[in-house]
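This report concerns only the one structure given below.
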Amino acid sequence: MFILTIILVVFTVLLSPIHAETLREMLTRSFHASNELDTQRFVVQETNEAHARAYALIRPSATATVDFGIISGRNDIAGVSSTKTGHSAVAEIAGSQPLYTFGRFGAAIDSAEIASRSALLTYDSKVQSFLADAALAYFDLIGARQKLRVTKNNVDVLRSQLRATQDRFEVGELTRTDVALARSRLARVAEAELAAAESDLRAAEASYLRISSEMPQEASFPGQFNFLPATLEEAYQLAEENAFSIRLATIAVDLAEKKIVGAKAEFQPQVKLKSSVKTSDSEYPNDTQSTSLGVIAELSVPLYNAGLLRSKVRETESVYAQKRAMVLNERTLVREKVTKSWSELTSKLSTMSSGKIAVQAAKLALQGTREEYNVGERTLVDVLDAEQDFLEASVQLIQSEVGWYKSQVTLAETIGIFTPQMLGLKLDQSALVMPPVTEPAWYEDVKMPTLW
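Numbers given in the working numbering equal positions in the sequence shown, counted from 1, plus 152.
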């Protein structure tokens, strides 16, 4: 009884359906295993350091200097020579605190904040591109597997057809030509079409492994993405609001504008408070010790810089004009891409619908041809042609289905909505933390009450 129970358990496990990896599972796993996205995460962290450099413009700074040496001198007085050797030591601590930067700090912190937003948005764009590539690889794998499965089934059918033809030839019902035709068709499908299907599968598996690092046992088509626009006009509107290229170009305009403000701020004066504490101890030429303490308010005004600052302003203004033109250009390009993607989607949908009808018609035609062949009203060539038509219709339907799903991904990516949020993915992005654009409370107590 115990052995029977074990056998039943084993058969239950073996016969249980294999879990098919869903698109959402594949995208989530691929995201967490991606080294490509890790690189962009470091770029975000690097960009965030601009905040620290901006706040350095208003924070105090201090330096310590220590000098120590041995001094030796010789004096000749009335023919009498004397030599004296002694040490000399000087220690100084100097500090400075900016009081007014006249717009330098404001421009720097605004630029840093915009740069951080741009880096995060660039990261989101990279994530969308990665997820889109992963989805395309997922659909290519499904299509390649289904194509290989259909081709193998057709090879099995042709082998059965060849055996049946040989049997009928041996009893004198068919000729040697019929056997040769069956063998020729089998060789063509088995060697050419089957080899091509296997090659396509290997290529699809290589792309899938590169992105996801694991190969699923089974994969299945999802349903239609429910977040896609219903009309072309709605697609235009969503793209205008969400397309990453447009959003990045717009942020680039904001950053260029702040760069102009920063360049013009260089014409303004600066006010600093400087202080120093200095002590010295020297044995040469006389034993002396001194200590000094000083506090100085410094006002520096740029008077003449040989046109350097004006050149920087003109350069930033030129960049600003360029970025504004790029926004208009990106809007035009995105609209064109949306139009093409939408046309491709509707075309694939029509092709898929007609492909289903073609498969059903080819299947019925094949069944009818076989029945007519069995009663002698059709030739073997007719049967082989019908089987080839059915195979081609099936492969075309698979390609149409894959193309329809891929066109959905392309449209969503173009619009800018193929994102983890729209896909319902739960991703760990804790490493991406937006730095504060204001200082913590403790620093508010020690900095000067100005707008800097």
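Built from N, CA and C at the ideal position, the CB exists for glycine as well.
Cα-Cα separation, residue i to residue j
i	j	result
Ile210	Leu407	21 angstroms
Asn438	Ser224	12 angstroms
Gly238	Ser213	34 angstroms
Ala514	Arg522	12 angstroms
Lys278	Ala564	14 angstroms
Arg328	Glu370	43 angstroms
Thr215	Ser428	9 angstroms
Ala287	Ala334	40 angstroms
Ser493	Ala344	33 angstroms
Thr145	Ala260	What the structure shows of the chain is the stretch from 153 to 604, and residue 145 is not part of that stretch, so it cannot be assessed.
Leu167	Pro572	The predicted position of Leu167 is uncertain, since its pLDDT is 37 and thus under 50; a value taken from the coordinates is nonetheless stated next. Computed Cα separation, rounded: 35 angstroms.
Lys500	Thr274	31 angstroms
Gln118	Ala449	Examination of residue 118 is not possible in this model, given that the chain is present from 153 through 604 alone.
Tyr388	Gly507	29 angstroms
Leu451	Glu386	58 angstroms
Leu461	Val471	15 angstroms
Ala477	Val423	38 angstroms
Asp534	Asp580	59 angstroms
Asp276	Ser502	33 angstroms
Thr440	Ser434	5 angstroms
Asn227	Thr235	6 angstroms
Ser312	Gln551	27 angstroms
Lys464	Val218	39 angstroms
Glu323	Ser336	The residue asked about is misnamed: residue 323 is Val in this sequence, not Glu. Going by the C-alpha atoms only, they are around 21 angstroms apart.
Ala348	Ala382	37 angstroms
Buried versus exposed, by CB contacts within 10 Å (16 or more), residue i
i	result
Leu361	exposed
Arg354	exposed
Phe396	buried
Thr562	buried
Tyr456	exposed
Asp262	buried
Ala208	exposed
His203	buried
Phe220	exposed
Glu482	buried
Leu497	buried
Leu179	buried
Ser182	buried
Gln298	buried
Gln512	exposed
Met504	buried
Test item: CB-CB of residue i and residue j under 8 angstroms
i	j	result
Ala332	Val307	no
Ser444	Lys426	no
Leu338	Leu314	yes
Ala206	Ala289	no
Ala415	Gly255	no
Glu553	Leu310	no
Ser365	Phe282	no
Ala356	Ala296	yes
Ile412	Val479	no
Ile266	Lys410	yes
Pro421	Val447	no
Lys475	Ala401	yes
Leu532	Asp330	yes
Val196	Leu293	no
Phe570	Gln280	yes
Ser268	Asn200	yes
Tyr557	Phe373	yes
Ile363	Asp285	yes
(message) Below 8 angstroms, how does it come out for the stretch 541-561 and the stretch 298-315: are there three or more Cβ pairs, yes or no?
(response) yes
(message) Within 8 angstroms, do at least three Cβ pairs link the stretch 171-183 to the stretch 241-249?
(response) no
(request) Evaluate contact between the stretch 364-377 and the stretch 191-207, counting only Cβ atoms and requiring at least three cross-stretch pairs below 8 angstroms. (result) no
(request) Enumerate, from N- to C-terminal direction, the unbroken alpha helix (DSSP H) stretches of 4 or more residues contained entirely within the stretch 385-441. (result) Complete alpha helix (DSSP H) runs here, min 4: 396-417.
(message) Ignoring anything shorter than 3 residues, give me the beta strand (DSSP E) runs that lie fully in the stretch 433-489, in order along the chain.
(response) 440-452
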